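Numbering of the sequence shown is given in the working numbering, commencing with residue 5 and proceeding in unit increments.
By construction, the Cβ of each residue, glycine as well, lies at the ideal position given by its N, Cα and C atoms.
None of these values were measured; they are calculated from a predicted model.
Presented below is the structure to which this report refers.
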Amino acid sequence: MQLSSIYIVMGVSGSGKTTVGKLLAERLELPFHDADDFHPAANIEKMSNGIPLDDDDRAGWLADMAKAITKWETTGGAVLACSALKEAYRQTLQGGARQSLRWVFLDGSRELLSDRIEHRKGHYMAVDMLDSQLETLEKPAYGLHIELRKEETPKQVTDKIMQADIASETKPA
């Protein structure tokens, strides 16, 4: 059986994971999935109330995505937008795959990220949660790293990803 590629667009809240992930999925002609859709109601309620999630809160969420990744590999591939803040979380996601995941890390300054969060509508993640995410973040030493700039549009960020050789940007075995 031929396995298909799974792309993980990662970064903290406000980095544009969902927007860029959707654009990337469209360009790659793959289905898009958002990690937020895998959160149980209790996690969303905590975050909505400004309470950061801990590793126990994230365990089931990560396990469910790892199971989905296994399925997506056999059904044509996918793009997943997921914060994947810690290396242990990325290892859990990788554990669901039979081949290396393709990581795209969207990285931006705290100022840029907080500005984006403050100006978005209809999302449960408040700007005061950004600091806990930045403190938790363990930047990966692998994958494609995209430095976000205020003047760039999501389409331009996606163009950068497409121009890079993302096929070679997998985590070493």
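Of the candidates W76, E91 and L110, L110 places its Cα closest to the Cα of V13.
With fewer than three CB-CB distances shorter than 8 angstroms, the segment 101-108 does not count as touching the segment 51-61. Per the C-alpha coordinates, the member of T22, E156, P158 and R153 positioned closest to S87 is T22. Around the CB of G99, fewer than 16 other CB atoms lie within 10 Å, so the residue is classed as exposed.
The segment 79-98 makes contact with the segment 134-141: 3 or more CB pairs, one atom from each, lie closer than 8 angstroms.
The beta-bridge partner set that DSSP reports for A92 is empty. When rounded, the separation of the alpha-carbon atoms in D68 and K154 is 34 angstroms. Taking the CA atoms as reference points, H149 sits about 14 angstroms from G25. Beta-bridge annotation (DSSP): F109 is paired with M14 and H149. By the beta-carbon neighbour count (other beta carbons within 10 angstroms, threshold 16), R62 is buried. According to DSSP, V83 shares a beta bridge with Y11 and F36.
Taking the Cα positions, L32 is about 11 angstroms away from G80. D61 carries a helical assignment under DSSP once its states are collapsed to helix, strand and coil. Closest by C-alpha distance to L152, out of Y146, P144, A72 and I165, is I165.
Under the three-state reduction of DSSP output, Q103 falls in the coil class, being neither helix nor strand. Apart from the 5 residues on each side of it in sequence, D38 sits with its Cβ closer than 6 angstroms to the Cβ of T22 and A85 in its chain, given in chain order.
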